[in-house]
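*Asks:* Protein chains in written order, with the working numbering: chain E, -5 to 203; chain W, 1055 to 1530. So that we are looking at the same thing, I have put the structure below in structure tokens.
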Amino acid sequence: MINVLLITFAMTLIYLSIANRMGSYIKILVFQGLLLFGVSFIELKEINILNLIFILFETIVFKTIAVPLLLNYIIRRNRITREVEPFLPNFISLIIVTFIIIVTFLLSNIIEDPHLNKIYFVVAFSSLFTGLYIIITRKKIITHVMGFLVIENGVFILSLAVGNEMPMLVNTGILLDLFVSVLVLGIFVNKIGDVLKDVDVEQLQNLKD
Amino acid sequence: MIAEYLTGAIIISALLFLNRNRLLNYMLVAIFITGQCAFTAYEYNHRNVDEFFGFFKPDALSILLLITLSIISIPAYYHSYVYFLKHKDIPQQRGIYFSAMTMLIAAISAAYLSNHVAVTWIFVELTTLSASALIYHRRNSRTLEGTWKYIFVCSISITFVFIGILFLSIALQQAGHTDLSFPDLLNNASGLNIFWLRLAFIFIFTGYTAKLGLVPMYTAGIDAKDKAPSPAGALLGSVLMNVGFIGIFRFYEIIAHTSLHLWANHIIMIAALLSVFVSAVYMLKVKNIKRMLAYSSIEHAGIVMLGLVAGGIGYYAAILHIILHAFAKSSMFFQMGQVYRIYKSKSIYDVGNYFKYNLAGAMVLLLAFFCSAAMPPSGLFISEFMIFRSLFEAHYLFVLIVLLILLTIIIWAFGKNIFKLLFTPAVEFNDEEVEKIKWYESISQFVLLGLVIYLGFNPPAEFIDLINDAIKNLPH
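Next up, the structure:
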């Protein structure tokens, strides 16, 4: 079951590479949150109940409800157009993201580790690099934030892989999530909307040498 | 004591944030500075004693850096007051500024003293938050851009560090342990799985370069030091870099006890040499003096890491260098605040003939230039010379030659701009309404630069002991 969920997660990454609208990005993030909820619900059997509740709360309330709502609000408030505006055509994005997944898959074959389920490693790394790829190739600042959220999801999966032995690390990871997302999203994107007319990375090229 | 210190710092920071009264603000800051000094003295007298369930331990390195921080924090507050006297003083913004600065200093102290991988990580994250409030202080589109880039790059790097910690924990589980505190990791270093440790090192090193200011993540720090007000820039360009250093250093200690030592050395060496190279390229090109200082910090970070790589006397020199650099660079940033008040510009085209307008300040800049460029009588000359020697002894001759060529370029570019600022009259500069800067505003910079010279040439025995104690875990 976990394999199915994680493979679906990897498929959302491929969809992310060709999605063309802000709305689809947000929907993908919601769906990823649901998948993470499922994975953590099945995987973390051995940790105590309070920790489990905290983690489930994080995935369902935070990742699937609060953050997408906030993103929606920011997009409406700053009147961000609904196209994603990538620098590269979607077809190339598709090839690159597929390539990322294949490479991490091949890379995972080096690992000889009885403790670790390789599929966690593959999915976590794929979403890490896909997130970085999205940050690099998309034009709007808000898509950068979404790319960062994809990276966060990858980190969450990776921390679940060691979660049963070290629940403290999962909790720290969640703290990172809460902290950074609230800081970056809530405070900053709104400020940028207030100060700059167009929320575009081309506005952020004044500081240079 | 650390728990009391942090609680106190948070309370003071919250009060500063809420308070709108100038006098109360002064008093709160005075209380915090006293507390910071008392805390430093306490930790100094309780070396190597575990605190707060073993999460914190003041070892020699953290004490050295903590003392550096406490010394620099006093002029930082003083120059912040001068800054608010001379610039627009809105009570709310003043409150946020001082609150953030207090939080930054407390978080840096805790990050130094931390004895646990995850605890260091948490406090490094806190420094990002408080530093970004300082960078955004002026609230215009340029500071916004600087802050946004800083937060974004630092968030990504902090995520990288977290991934590194996860890999480290996988390596540790295989060795049959679950404790991520530094002494335990050090004891079990030889039993860790090489594959995971390698991944952990790459991620943790990359993550902390954002704070230390090395290739690849150095970019955010440059904008931050430029856009923050000068006193805050001084903290970002000196003590905050040391946070990145301590993060890398503690993990390097662990790596040095495994078979990955040589491999890690090569990774660090490539990053360090590239940093010096990047710094040399931008120093030739840059026209903004504050950005130039920031690039000079990157050069010094590169030199420090090369000292660490070379080993032998280089370990000692690296610690000495990072401490002395903090003093030299912070005094230069403090001075930039005064330069800006005279010329209302940071561009090299608009400034000049500084000796005419501010004699004491010009002396500071001249001396600070000699110190930063590591010319005698600077203490950095001693440490840099020792690093060159260690590189030579470690048979990294090629690295040494490239480094020396790059440093020559950097000193030339640095000197060209500083001497333009000091001696060449500025074009079309109207000096009728120039503000007279009081000589006593430069005292703190002279003290810091005096420390650079004194600690380099005549280090007290206790200081040498502390440095030797700090590097005792590295293989000799």
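C-beta: ideal position from N, C-alpha, C; glycine also.
Look at the alpha carbon of W/Leu1328 and the alpha carbon of E/Ile54, and state the distance between them as a whole number of angstroms.
*Replies:* Distance between the alpha carbons of W/Leu1328 and E/Ile54: 44 Å.
*Asks:* Using the C-alpha atoms, what's the distance from W/Ser1184 back to W/Leu1078?
*Replies:* Computed Cα separation, rounded: 21 Å.
*Asks:* By Cβ distance, which residues of its chain are closer than 8 Å to W/Phe1435, with the 5 residues on each side in sequence left out?
*Replies:* If we look at W/Phe1435 and ignore the five residues flanking it on each side, its Cβ neighbours are Ala1428, Met1429, Gly1510.
*Asks:* Would you identify the three-state DSSP class for E/Phe81, choosing helix, strand or coil?
*Replies:* It is coil, neither helix nor strand.
*Asks:* Answer with buried or exposed for W/Phe1446, where buried requires no fewer than 16 other C-beta atoms within 10 angstroms of its C-beta.
*Replies:* So W/Phe1446 counts as exposed.
*Asks:* At a Cβ cut of 9 Å, what residues of the segment 149 to 171 of chain E count as close to chain W, listed as they run along the chain?
*Replies:* Flagged, chain order: Val149, Leu152, Ser153, Ala155, Val156, Glu159, Met160, Met162, Leu163, Thr166, Gly167, Leu169, Leu170.
*Asks:* Does the beta carbon of E/Glu37 come closer than 9 Å to any beta carbon on chain W?
*Replies:* Chain W, which has no Cβ nearer than 9 Å to the Cβ of E/Glu37, makes this no.
*Asks:* Which residue marks the beginning of the alpha helix (DSSP H) containing W/Tyr1204, and which one marks its end?
*Replies:* Here the alpha helix (DSSP H) through W/Tyr1204 covers 1195 to 1228.
*Asks:* Would you check if there are 3 or more beta carbon pairs closer than 8 Å linking the segment 1388 to 1395 of chain W to the segment 1369 to 1376 of chain W?
*Replies:* Contact between the segment 1388 to 1395 of chain W and the segment 1369 to 1376 of chain W is absent, because fewer than three Cβ pairs lie under 8 Å.
*Asks:* Which first and last residues belong to the alpha helix (DSSP H) in which W/Gly1108 is found?
*Replies:* Careful: W/Gly1108 lies outside any alpha helix (DSSP H) and carries neither H nor E.
*Asks:* From the DSSP secondary-structure annotation, give me the bridge partner or partners of E/Arg132.
*Replies:* Per DSSP, E/Pro80.
*Asks:* If you run the structure through DSSP and keep just helix, strand and coil, what is E/Arg15?
*Replies:* Reduced to three states, the DSSP call for E/Arg15 is strand.
*Asks:* Count the other CB atoms within 10 Å of the CB of W/Ser1244; is the residue buried (16 or more) or exposed (fewer)?
*Replies:* Exposed, because fewer than 16 other Cβ atoms sit within 10 Å of the Cβ of W/Ser1244.
*Asks:* Would you call E/Pro80 buried or exposed, if buried means 16 or more other Cβ atoms sit within 10 Å of its Cβ?
*Replies:* Label assigned to E/Pro80: buried.
*Asks:* Please name the residue or residues paired with W/Asn1342 in a DSSP beta bridge.
*Replies:* According to DSSP, which records beta bridges pairwise, W/Asn1342 is partnered with W/Ser1401.
*Asks:* Any idea if W/Thr1061 is buried or exposed, counting beta-carbon neighbours within 10 angstroms, 16 or more meaning buried?
*Replies:* With fewer than 16 other Cβ atoms within 10 Å, it is exposed.
*Asks:* Rounded to whole angstroms, what is the Cα-Cα separation between E/Leu88 and E/Leu7?
*Replies:* Computed Cα separation, rounded: 9 Å.
*Asks:* Determine the closest residue to W/Ala1068 out of W/Tyr1135, W/Lys1142, W/Gln1146, with distance taken between C-alpha atoms.
*Replies:* It is W/Gln1146 whose Cα lies nearest to the Cα of W/Ala1068.
*Asks:* Could you tell me which chain W residues have their CB closer than 9 Å to the CB of E/Phe142, listed as they occur along the chain?
*Replies:* By Cβ distance, chain W contributes Phe1206, Ser1209, Ile1210, Thr1213.
*Asks:* How many Å lie between E/Ile1 and E/Val117 at the Cα?
*Replies:* Their Cα atoms are separated by approximately 8 Å.
*Asks:* Closest Cβ-Cβ distance between W/Lys1142 and chain E: below 9 Å?
*Replies:* Not closer than 9 Å to any Cβ of chain E, the Cβ of W/Lys1142 fails to qualify, so no.
*Asks:* Where does W/Ser1432 fall in DSSP's three states?
*Replies:* Coil, per DSSP.
*Asks:* Check the Cβ of E/Val230 against every Cβ in chain W and list those closer than 9 Å, keeping chain order.
*Replies:* In the structure as shown, chain E begins at -5 and stops at 203. Residue 230 of chain E is therefore absent and cannot be evaluated.
*Asks:* So, under 8 Å CB-CB, W/Leu1266 and W/Met1295 are touching, yes? Tell me the CB distance rounded to an integer number of Å.
*Replies:* W/Leu1266 to W/Met1295, Cβ: 5 Å. Contact.
*Asks:* With DSSP run on the structure shown, which of helix, strand or coil describes W/Ser1168?
*Replies:* Correct three-state label for W/Ser1168: strand.
*Asks:* Of all Cβ atoms in chain E, is any one closer than 9 Å to the Cβ of W/Ser1351?
*Replies:* No, W/Ser1351 does not count as interfacial toward chain E.
*Asks:* Thinking C-alpha only, which one of W/Ser1432, W/Ser1350, W/Gln1227, W/Thr1273 is nearest W/Cys1208?
*Replies:* If we check each option's Cα against that of W/Cys1208, W/Thr1273 comes out closest.
*Asks:* Identify, in the order they occur along the chain, each residue of the same chain with its Cβ nearer than 6 Å to the Cβ of W/Tyr1190, setting aside the five sequence neighbours on each side.
*Replies:* Correct list, in chain order: Thr1197, Thr1201.
*Asks:* Report the rounded CA-to-CA distance for W/His1043 versus W/Ala1364, giving the unit in angstroms.
*Replies:* No answer is possible for residue 1043 of chain W: the residues shown for chain W start at 1055 and end at 1530.
*Asks:* Between the C-alpha atoms of W/Phe1468 and E/Ile74, what's the straight-line distance to the nearest angstrom?
*Replies:* About 44 Å.
*Asks:* List in chain order: all unbroken alpha helix (DSSP H) runs of 4+ residues lying wholly within the segment 122 to 177 of chain E.
*Replies:* Whole alpha helix (DSSP H) segments, 4+ residues: 135 to 155, 161 to 175.
*Asks:* State yes or no: is the beta carbon of W/Trp1202 nearer than 9 Å to at least one beta carbon in chain E?
*Replies:* Closer than 9 Å: yes.
*Asks:* With 7 Å as the limit, tell me which residues of the segment 1283 to 1309 of chain W have their beta carbon closer than that to any beta carbon of chain E; keep them in chain order.
*Replies:* The residues in question: there are none.
*Asks:* Near W/Pro1270, what residues of its chain come up, given a Cβ to Cβ distance below 7 Å and the 5 sequence neighbours on each side ignored?
*Replies:* For W/Pro1270, where only same-chain residues beyond five positions count, the Cβ hits under 7 Å are Thr1260, Thr1263.
*Asks:* Of all the CB atoms in chain E, is at least one closer than 9 Å to the CB of W/Arg1196?
*Replies:* Closer than 9 Å: yes.
*Asks:* Would you say E/Lys134 lies against chain W (beta-carbon separation less than 9 Å)?
*Replies:* Not closer than 9 Å to any Cβ of chain W, the Cβ of E/Lys134 fails to qualify, so no.
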